[in-house]
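Report on the following structure.
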Amino acid sequence: MSEPIISIRGLVKCYRNVRALDGLTLEFLGGPVGLLGPNGAGKTTLLKLLLGLIEPDEGSARILGLDPVGRTDALELRQRVGYMPEGDCLLPGMNAVEMVTTLCRITGLTPDDAMTRAHESLDYVGLDDQRYRPMSEYSTGMKQRVKLAQAIAHDPPLLLLDEPTNGLDPKGRRHMLDLVHDLGHAQGKHLILCSHQLPDVERTCDHVVVLNRGHVIERGSIADLTRSDEHIVRVRVGGEEAAFERALAAEGMSVSRTGPGAFRIAARIDDADSLFELAGANGAWIESVEDLRSSLEDVFLRLLRESEGVAQ
Amino acid sequence: MTATAHTEIYRRLKGSLAPVRFPAAHLWRARMQVAFKRKLPLLLLFVPPWISGVVFSFVVYSKFTLEQGLGSPIPGMGGAGPAGSMAGALAGQLIQVHDQIVIFTYVSRVFALLAIAWFGAGLVCEDQRAGAHLLYFSRPLSRLDYFFGHFLTIASFGAMVTVGPVLLIGLVAVFSSPDYAFLFEKWDVLLGSLGYASLNVLVLSMIALGISSLASRKSYALAGVFAFILGSDSLGAMLAGTQGDRDWSMLGVLMNLRRLADWMMNANQSRFDWNPWYSLAIVLGLAALGGLLVARRLRRLEVVA
Chain A
139 MSEPIISIRG LVKCYRNVRA LDGLTLEFLG GPVGLLGPNG AGKTTLLKLL LGLIEPDEGS
199 ARILGLDPVG RTDALELRQR VGYMPEGDCL LPGMNAVEMV TTLCRITGLT PDDAMTRAHE
259 SLDYVGLDDQ RYRPMSEYST GMKQRVKLAQ AIAHDPPLLL LDEPTNGLDP KGRRHMLDLV
319 HDLGHAQGKH LILCSHQLPD VERTCDHVVV LNRGHVIERG SIADLTRSDE HIVRVRVGGE
379 EAAFERALAA EGMSVSRTGP GAFRIAARID DADSLFELAG ANGAWIESVE DLRSSLEDVF
439 LRLLRESEGV AQ
Chain B
149 MTATAHTEIY RRLKGSLAPV RFPAAHLWRA RMQVAFKRKL PLLLLFVPPW ISGVVFSFVV
209 YSKFTLEQGL GSPIPGMGGA GPAGSMAGAL AGQLIQVHDQ IVIFTYVSRV FALLAIAWFG
269 AGLVCEDQRA GAHLLYFSRP LSRLDYFFGH FLTIASFGAM VTVGPVLLIG LVAVFSSPDY
329 AFLFEKWDVL LGSLGYASLN VLVLSMIALG ISSLASRKSY ALAGVFAFIL GSDSLGAMLA
389 GTQGDRDWSM LGVLMNLRRL ADWMMNANQS RFDWNPWYSL AIVLGLAALG GLLVARRLRR
449 LEVVA
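Line by line, the protein sequences are chains A and B.
Just so you know, the first sequence maps onto residues 139 to 450 in the working numbering.
Just so you know, the second sequence maps onto residues 149 to 453 in the working numbering.
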């Protein structure tokens, strides 16, 4: 089994009375991983810790074999991590080439390498002649691409991407997701994608870690998590559809009407036959049954509900 | 048919990442590069002190050359004096040159304040506003490096309008004086003027950085720097006038710097008579306070990143 790139044990971080991380224990083996969680779950605190910007109150962590708590290791760690922040960020008064070059120089590249890498990474994100324009004139999409370019410019093995599709139009979003997917899969980067856009995570990552209240409430491959005992089916019925709906509810199945004669039903796998029986018994007939795979969003919401239930 | 190039290919780094010895230098270089893009402020803030420096240098040069009987550099102005009176006159000339340097150092304080306020007031607050700290602190750049990078930027601009011209005048005085007499007779003035110019830059830079770290925009920081420095001087002068006690002037930043200038450069007359160590303590205390404000803000900026 390969060595985990990130290994975190019993991490606690408190901000006054709030425990942002509450005994977090976690291992990332590598590859593209989505970091999910509601606001206040501890995602940002975890990212800061991975960059060595904050020190935990308790616990230990190893990232790429380095200890982010030690000041020397923390600075070395930042040489090996590429970070794309969530908010707007640029270096005042510079164009994209100057900004990426400056950041490469600070990271430890020679002047020639820094300039070469600035152009290569800006080529990669598809920023052409605009790279020489002042960044204050950039659109949101261009700013996001420059942010990605600066994160990959020093070719780090680990990328931390915080909401990379924020504020992008559909075309820009698609382009950004293509780049992130390419980095995580074709280029073999270890990648932690922090996003509220669950379809983005589903599209670009193989694994997810779900945080809530500073704990890990679920982790695993997206394929495994979206496969469950519960079948989501879309059913079209004819005849007494209202009686059929009542009968489903009486059987304890989760049912929602999606249109005239159309229902979305969460049924156990062994309940599948009983749908036909219930329909027949209530004067209805099933015209079609379509098997729906539960989405990451369904899983995420279910996990949050369960987590909140346990907490209460 | 048009040629198209698909450039979206990820390329591996062919060079290598080396440990960064002094990352502040890269930050300094980048900030200087940005500042030099806008020519008008440079022209307005740097040309006058350098022209003054050249004029003062010329005056210094003229005094020595006239005394040595080399003829006037300006047609119709003076001529060769008797050889016997040269040695006696040299001492007088040295004092006059000394006064020239002191006067120039006083004058350059104003330019230093303008340059430091203009180029320094926006550094921290504009970084915060643009989110630059998010990028800087995700790199191997410590808070101390960040501070030094910005301090060096401000100090460079301050030095360009004070230390540079003072050095020029001093060098002209040394090389124009017979047998480098100015260096041997008045080395304390050279040292004092350079030391004072450096102290002036240090104190004003730290105050500007401290105020910049408190403000949210460059314009606010700029107003804050002038309000603090000129306001403290006005208050000091007003209290000194109403109370009839010049020691109230110690409230003013520039007044304290003036007192230190008089002391460090052995000025012949000083408007102020309080102990210069008090002034030194006050200005260094203000510089330290500016440093504390910056440190506090940087800690927050790093964590917010």
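No residue lacks a Cβ here, since even glycine has one placed at the ideal position from N, Cα and C.
Within 10 angstroms of the beta-carbon of Gln-288/A lie 16 or more other beta-carbons, which makes it buried.
In terms of CA proximity to Thr-254/A, Thr-239/A leads the group Leu-167/A, Leu-213/A, Asp-266/A and Thr-239/A. Nearest Cα to Leu-282/B within the set Lys-309/A, Leu-228/A and Ala-388/A: Leu-228/A.
DSSP, reduced to helix, strand and coil, places Thr-303/A outside both helices and strands of the structure shown, so it counts as coil. By the criterion of at least three beta-carbon pairs nearer than 8 Å, the stretch 377 to 385 of chain A is not in contact with the stretch 171 to 186 of chain B. Looking at Pro-176/A, Leu-164/A and Ile-144/A, the one whose alpha-carbon comes closest to that of His-334/A is Pro-176/A.
Judged by DSSP in its simplified three-state form, Glu-428/A adopts strand.
For Arg-200/A, no chain B residue has a Cβ inside 7 Å of its Cβ, as the nearest lies near 18 Å away. Gln-248/B places its beta carbon less than 8 Å from that of Ile-317/B.
In the three-state scheme derived from DSSP, where H, G and I count as helix and E and B as strand, Phe-259/B is classed as helix. Between the C-alpha atoms of Glu-141/A and Ile-201/A there is a straight-line separation of about 11 Å.
Under the 10 Å beta carbon count, Pro-326/B is surrounded by fewer than 16 other beta carbons and is classified as exposed.
In the three-state DSSP reduction, Asp-226/A falls in the coil class, being neither helix nor strand. Non-local beta-carbon contacts of Asp-275/B in its own chain, meaning distances under 6 Å to residues more than five positions away in sequence, involve His-281 in chain order. Val-348/A: member of the beta strand (DSSP E) spanning 345 to 350, first to last residue.
Put simply, the CB of Thr-248/A is near chain B, with a gap under 8 Å to one of its CB atoms.
Sequence-distant Cβ neighbours of Leu-342/B in its own chain, meaning closer than 8 Å and more than five residues away, are Val-311, Val-314, Leu-315 and Gly-318. Annotation for Ser-380/B: the continuous alpha helix (DSSP H) segment containing it runs 366 to 391. Straight-line spacing of the CA atoms in Val-263/A and Val-349/B works out to 43 Å.
The beta-carbon of His-292/A is placed less than 8 Å from the nearest beta-carbon of chain B. A Cβ of chain B is located within less than 8 Å of the beta carbon of Cys-227/A. The straight-line gap separating the alpha-carbon atoms of Pro-170/A and Trp-423/A is approximately 45 Å. Judged by DSSP in its simplified three-state form, His-328/A adopts strand. Rounded to the nearest angstrom, the Cβ distance from Leu-306/A to Thr-278/A is 7 Å, consistent with a contact under 8 Å.
Per the DSSP secondary-structure output, Phe-166/A pairs in a beta bridge with Ile-144/A.
Contact of Val-168/B with chain A by beta-carbon distance below 9 Å involves Leu-213, Gln-217, Arg-243, Ile-244, Thr-245 and Gly-246. Interface with chain B (8 Å Cβ-Cβ cutoff): Asp-251/A is included. At a cut-off of 8 Å between beta-carbon atoms, Val-182/B makes contact with chain A.
Counting only residues of its own chain and dropping the five nearest sequence neighbours on each side, Asp-160/A has a CB closer than 7 Å to the CB of Val-150, Arg-351, Gly-352 and His-353.
The residues Pro-142, Ile-144, Ser-145 and Ile-146, in chain order, have a CB closer than 8 Å to that of Glu-165/A in the same chain once the five nearest residues on each side in sequence are set aside. The bridge partners DSSP lists for Trp-423/A are Gly-376/A.
When only Cα atoms are considered, Arg-160/B and Leu-299/A end up about 19 Å apart.
Within chain B, the C-beta atoms nearer than 7 Å to that of Gly-231/A come from Val-182 and Lys-185, in chain order. Taken atom to atom, the span from the alpha-carbon of Leu-192/B to that of Val-255/B is near 15 Å. Per DSSP, reduced to three states, the secondary structure at Ile-157/B is coil, with no helix or strand assignment.
For Val-354/A, the enclosing beta strand (DSSP E) stretches over residues 353 to 359.
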